[in-house]
Amino acid sequence: MHGRTYSQRFDDKPVQLVNIRVTGVGAVEHIRIAEIEKGGADASGAIKSTTQALFWKNDSADPEWVETPVYDRALFKAGNTFEGPAIVQQFDSTTIVGIGQKATVDAVGHIIIERSA
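Residue numbers (UniProt numbering): 1 to 117.
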């Protein structure tokens, strides 16, 4: 195959496999995701700091600097809710909750972000 693709052959050299990709298909047991500790609606215990962040307050306005709470995602409890603007930090990513949005932490720690009513 190498000879056809690259017009060269190295018959005197040993073959070296660099990558092997395998796909498996089969039935597995249902994976249960561990639930996090339950808490109330108050998410203030997860706030680690505040910062100035740039947000648009509406579609026609220029962006403005807004004092914004910074949450530590690892400290959220199931049932916590908070309004944007907010920044949620975790070890591998950052989530932004914008102005006019509401976030709710579900039983397994997902952050559900919806428009505020």
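Ideal Cβ positions, reconstructed from N, Cα and C, are used throughout, including at glycine.
Is the distance from the Cβ of residue i to the Cβ of residue j below 9 angstroms?
i: A41; j: T81; result: yes
If residue i sits next to residue j, beta carbons under 8 angstroms apart, how far is it from one beta carbon to the other, in whole angstroms?
i: E29; j: A78; result: About 24 angstroms separates the two Cβ atoms, so there is no contact after all.
i: A117; j: E35; result: About 27 angstroms separates the two Cβ atoms, so there is no contact after all.
i: V97; j: I112; result: About 11 angstroms; that fails the 8 angstroms criterion.
i: Q89; j: V70; result: 6 angstroms
i: A43; j: I87; result: The Cβ separation is near 13 angstroms, so there is no contact.
Which term fits residue i, buried or exposed, when burial requires 16 or more other beta carbons within 10 angstroms of its beta carbon?
i: F76; result: buried
i: P63; result: exposed
Quick one: what does DSSP say residue i is sitting in, helix, strand or coil?
i: T5; result: helix
i: A78; result: strand
i: R32; result: coil
i: R21; result: coil
Give the single residue among the options whose Cα lies nearest to the Cα of residue i.
i: R115; options: V108, D106, K102; result: K102
i: D72; options: D59, G109, G100, G26; result: G109
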